[in-house]
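**Student:** In order, the protein sequences belong to chains D and G. In terms of this note's numbering, the numbers along the first sequence are unbroken and rise by one, the last being 544. In terms of this note's numbering, the numbers along the second sequence are unbroken and rise by one, the last being 544. The beta carbon of each residue, even a glycine, is placed where N, CA and C say it ideally should be.
Number of protein chains: 2
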Amino acid sequence: MNDIAMKRPRVVIIGGGFGGLWAAQSLARLPVDVTLIDRKNHHVFQPLLYQVATAVLSPGEIAQPIRRILHRNKNTEVILGEAVSFDKDARHVVLSDGAIVPFDYLIVSAGARHAYFGNDDWETEAPGLKTLEDAVEIRRRVLLAFEMAERDAYLAGDQRTLTFVVVGGGPTGVELAGAIADIARKALAKDFKAIDTSTARVILFEGSDRVLGTFAGDLSESGKSQLEDLGVEVRLNSFVTEIESGRVKVGDEWIDCDVVLWATGVAASPLGKALGVATDKAGRVLIEPDLSIPGCRNIFVIGDMASLMQESGEPVPGVSPAAMQMGVAAAANIARDLKSEPRQDFRYVNKGTMATIGRSKAIAELAGMKFKGFVAWLMWLFLHVFFLIGFRNRFAVMFEWFWAYLTRERSARLITGDAEELGEATRLIRARSAPDRSEQK
Amino acid sequence: MNDIAMKRPRVVIIGGGFGGLWAAQSLARLPVDVTLIDRKNHHVFQPLLYQVATAVLSPGEIAQPIRRILHRNKNTEVILGEAVSFDKDARHVVLSDGAIVPFDYLIVSAGARHAYFGNDDWETEAPGLKTLEDAVEIRRRVLLAFEMAERDAYLAGDQRTLTFVVVGGGPTGVELAGAIADIARKALAKDFKAIDTSTARVILFEGSDRVLGTFAGDLSESGKSQLEDLGVEVRLNSFVTEIESGRVKVGDEWIDCDVVLWATGVAASPLGKALGVATDKAGRVLIEPDLSIPGCRNIFVIGDMASLMQESGEPVPGVSPAAMQMGVAAAANIARDLKSEPRQDFRYVNKGTMATIGRSKAIAELAGMKFKGFVAWLMWLFLHVFFLIGFRNRFAVMFEWFWAYLTRERSARLITGDAEELGEATRLIRARSAPDRSEQK
């Protein structure tokens, strides 16, 4: 054996989301040393983030420390740190504090955020939902809007209709709109005395001609009517063209609102561009069929950061099952390299998709079959609890859901934050009732 | 009946802690209208705050929306707002945004924070533990210190001993020190690979000659040795005289440390001074025996904000049972006014005190009897679950505790916060390893 064969290759993974975790798990039994680097100490179970944003679950119930998840992997080290650039020739990652992490193989799986279509200043007014911090911020704004309406009604007799706007009719937008309509009509109704929370408007704007556009037409149609059953106003073919404090412009119409949430567009992690290879408009890296980047067989990009066409001509979708499959596939190609076997091209296997809309409401496509309403919702419920990482979380979430289902109560209705965060959220909600607003109309 | 008798008196309560909540509950069946005003939308079960700070429980498990707790009280309105001043003659409260809330009776129960003995700039370096935000900040710093030590050890081979300093040997300081020692030795040990978390030092500084000074001498002695069993270094007669980033000065000795927590001193809410009556050095209002303030029979001050001597010559202690009893007593005196009966003086009934030190470790004095160790800990456990507000929380917390007891795992080990919060916490912990530190010594 020569020196090179004796030294175990170092695999560095950037990102502890679904792609990075599945890669790390697949590498656990290979003769490699793995270093997983993430900016956060925890993995977030993103499919349930909207439940934190709408006060059903607590942050701790959908997140788990990454080093806890991987603590049995003897070849794996987890590091809290922010990768900012790469030296492909010297084969190392540079962290934000200048520290250097060398690699033989690199797997970049740093995900994506929402894109504001060139209007990044909208983010303050209309937060997206990608991290636990986002979810807590959205929860703060939604609950604070009800609190402030109650206060104005009680102290000044000022009765006005609360309006929540959700921009984007994909799964996240639909989940948020459905859940807000649900808490306004059920969970909060008994606790507020000066206002009738059930009169709150929830408006969902979607630019295309249907919501949940990745589903078959009839399921998408069913999703829309299930949303409307919950009281959500669904406006299709509607583009939001301006967002100001307290109002949004849709086409030529200004709509006053208390809270705006953003759930559309994709902006891949800037680490894609930092790799110095071609990216698409959303910043996704155009990867090779074996998931490596052009010209660097030892660097893989996976998950929402990657852009890859399937044989069908459709792109691999930016969903968590695709990220998991890519993580496993990148690890398998590293294993093939170690055994000097040829790499295999990645093939995405669509095992089905589902979207939840609200209590007892969902749609699903599984194994060529379509499901709507309560059955689809039950399937969604069990699959999500099943995949939730960590036994404890699974149990705690089941208890919360069972409790919420029985009592229609929301257990995590906390408005937290330091004075600055609360002040900012208050300012944004207050903007609607500001005296100069009527003049601007 | 005349006009005055027909109009229901308005009782305004400032603060939704134990004092304010117990007052509101006692007023629920009286012919009065109650308005409870709090800066937060939630009541926090303060005795369990240290469990959030040490990652056992999630914020949602020890907090409940105030309007949820009181939602059955038909005469009670809950308002999110910050009282800033009072007009005693015009009988109204002024909120931070200028809104005016009129009252016939006022009960001020806005609590206290820790005092930094004139060194308010120490708060950034050494946070106290009074709110959920405080608890999350402490959790962030404690977990981040371990993460950064792991990272330095892995990337740079830099092995150093983590040091946690807790200032103040009262119940909060003892609980924090015990819990940090416990997670370092048990919960985190298996998850960190480059460092041995069990070598972390936890030092508790107490200015007097014993910890838990409100307990009998032998219990206090037992508390100290139980702490030492957990690995905490207890230093009595030790005053912290300086705090800088990364180190504290105790007497003439500088001690390097990664995290400093503050758990001593009392600074009553500034609302006491805003009432324009005499206060003690800690800002507590010197109240009359019927809990009203001098010269204003319709204004009561209760809880940690109030200073009152018992017949024994001892002051009523600043503990939650005293705040609850005062809340009930203030409401009872209002009820007596309504029936034109004479008011009664407040008498504090000490039903016993207990302090927890760690897993299976506690001390208690109940009904003249003294308990130590496991028995005291079981009593503490059941009493705290029993008093925890809200059935759901009670159940969830029992589950968490049972789980933590069985597995020694900590379920809420999340480092959250926006970039600014994390950056600040990182800077503070990093300070210790800064190159200019050695020169300063």
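Could you check whether Ile210(D) and Ile117(D) sit closer than 9 Å to each other, using their CB atoms as the reference points?
**Tutor:** A contact, by the Cβ cut-off of 9 Å.
**Student:** Suppose you measure from the CA of Phe121(G) to the CA of Glu228(D); what does that come to, to the nearest Å?
**Tutor:** 36 Å
**Student:** Is Asn401(G) helix, strand or coil by DSSP?
**Tutor:** Reduced to three states, the DSSP call for Asn401(G) is strand.
**Student:** Are the beta-carbon atoms of Ile165(G) and Leu152(G) separated by less than 9 Å?
**Tutor:** If you check the CB distance, Ile165(G) and Leu152(G) come in under 9 Å.
**Student:** Using the rule of at least 16 other Cβ atoms within 10 Å of the residue's Cβ for burial, across every protein chain shown, is Asn105(G) buried or exposed?
**Tutor:** Its pLDDT being 46, under 50, Asn105(G) is placed unreliably by the model, and the measurement read from it follows with that caveat. When all chains shown are included, Asn105(G) counts as exposed.
**Student:** Taking just the CA atoms, how far does Asp224(D) sit from Val159(G)?
**Tutor:** 38 Å
**Student:** Can you list the residues of chain D that Thr519(G) reaches, using a CB-CB cut of under 7 Å?
**Tutor:** Those are Pro162, Leu235 and Glu236, listed as they occur along chain D.
**Student:** Report the option in Gly163(D), Leu173(D) and Leu441(D) whose CA atom is closest to the CA atom of Ile56(D).
**Tutor:** Residue coverage of chain D in this structure runs from 104 to 544, which leaves residue 56(D) outside it and unanswerable.
**Student:** Kindly indicate the opening and closing residues of the alpha helix (DSSP H) around Pro168(D).
**Tutor:** Where Pro168(D) is concerned, there is no enclosing alpha helix (DSSP H), although the beta strand (DSSP E) around it starts and stops at Ala166 to Pro168.
**Student:** With distances taken from CA atoms, which of Asn144(D), Ile466(D) and Gly119(D) is nearest Ala319(D)?
**Tutor:** Ile466(D)
**Student:** State the DSSP-derived secondary structure class of Gly163(D), mapped to helix, strand or coil.
**Tutor:** The answer is helix: DSSP assigns Gly163(D) an H, G or I state.
**Student:** Evaluate contact between the region 425-433 of chain D and the region 282-296 of chain D, counting only Cβ atoms and requiring at least three cross-stretch pairs below 8 Å.
**Tutor:** Between the region 425-433 of chain D and the region 282-296 of chain D, the count of C-beta pairs closer than 8 Å stays below three; the two stretches do not touch.
**Student:** Go ahead and pull the three-state DSSP assignment for Pro418(G).
**Tutor:** Correct three-state label for Pro418(G): strand.
**Student:** Under 9 Å, Cβ to Cβ, is there at least one residue of chain G near Thr138(D)?
**Tutor:** yes
**Student:** Given a cut-off of 9 Å, decide if Ser328(D) and Arg313(D) are closer than it, judged by their beta-carbon atoms.
**Tutor:** no
**Student:** Classify Leu545(G) as helix, strand or coil using the three-state DSSP reduction.
**Tutor:** The requested residue 545(G) is not part of the displayed model; chain G covers only 104 to 544.
**Student:** Check each residue of the region 203-218 of chain G: if its Cβ is closer than 7 Å to any Cβ of chain C, include it; give the result in chain order.
**Tutor:** Structure shown: chain C not included; protein chains present are D and G.
**Student:** According to DSSP, is Arg189(D) part of a helix, a strand, or is it coil?
**Tutor:** One point to set straight first is that residue 189(D) is Phe, not Arg, in the sequence displayed. Here Phe189(D) sits in strand by DSSP.
**Student:** Alpha carbon to alpha carbon, how far is Glu524(G) from Trp365(G)?
**Tutor:** 19 Å
**Student:** Classify Lys110(D) as helix, strand or coil using the three-state DSSP reduction.
**Tutor:** coil
**Student:** One question on the structure: do Glu309(D) and Gly271(D) come within less than 9 Å of each other, judged by their Cβ atoms?
**Tutor:** yes
**Student:** Please name the residue, chosen from Ile460(D), Lys475(D) and Arg170(D), that lies closest to Arg516(G) on a Cα-to-Cα basis.
**Tutor:** With distances taken between Cα atoms, Arg516(G) lies closest to Arg170(D).
**Student:** Using a Cβ-Cβ distance cut-off of 9 Å, determine whether Tyr153(D) contacts chain G.
**Tutor:** With respect to chain G, the C-beta atom of Tyr153(D) has no partner C-beta closer than 9 Å.
**Student:** Look up Tyr101(G) in the DSSP assignment and say whether it is helix, strand or coil.
**Tutor:** This structure leaves residue 101(G) out entirely; chain G is present only between 104 and 544.
**Student:** Report yes if the C-beta distance between Thr458(D) and Val277(D) is below 9 Å; otherwise report no.
**Tutor:** According to the sequence provided, residue 458(D) is Ala. The question's Thr does not apply to it. Yes, these two residues count as a Cβ contact at 9 Å.
**Student:** If you pair each beta-carbon of the region 250-259 of chain D with each one of the region 343-356 of chain D, do three or more pairs fall below 8 Å?
**Tutor:** no
**Student:** Helix, strand or coil for Gly314(D)? Go by DSSP, reduced to three states.
**Tutor:** For the sequence presented, residue 314(D) should be read as Val rather than Gly. Three-state result, Val314(D): coil.
**Student:** Step through the CB atoms of chain D and report whether any lies within less than 9 Å of the CB of Asn436(G).
**Tutor:** Interface annotation, Asn436(G): not in contact with chain D, CB-CB separation never under 9 Å.
**Student:** For a cutoff of 9 Å on Cβ pairs, would you count Lys289(D) as touching chain G?
**Tutor:** no
**Student:** If we call anything under 9 Å between Cβ atoms a contact, is Val269(G) one with Ile306(G)?
**Tutor:** Yes, the Cβ-Cβ distance between Val269(G) and Ile306(G) is below 9 Å.
**Student:** Would you call the region 431-441 of chain G in contact with the region 287-304 of chain G, where contact means no fewer than 3 C-beta pairs closer than 8 Å?
**Tutor:** no
**Student:** Chain G partners of Lys296(D), CB-CB under 9 Å?
**Tutor:** Arg170, His174, Lys177, Thr179, Glu180 and Val181
**Student:** Do Val362(G) and Ala248(G) have their C-beta atoms closer together than 9 Å?
**Tutor:** yes
**Student:** Is Ser443(D) helix, strand or coil by DSSP?
**Tutor:** Secondary structure at Ser443(D): coil, using DSSP grouped into helix, strand and coil.
**Student:** Distance cutoff 9 Å, beta carbons only. Does Leu232(D) sit that close to anything in chain G?
**Tutor:** no
**Student:** Would you tell me roughly how many angstroms separate the C-alpha atoms of Ser161(G) and Gln167(G), rounded to the nearest one?
**Tutor:** 12 Å
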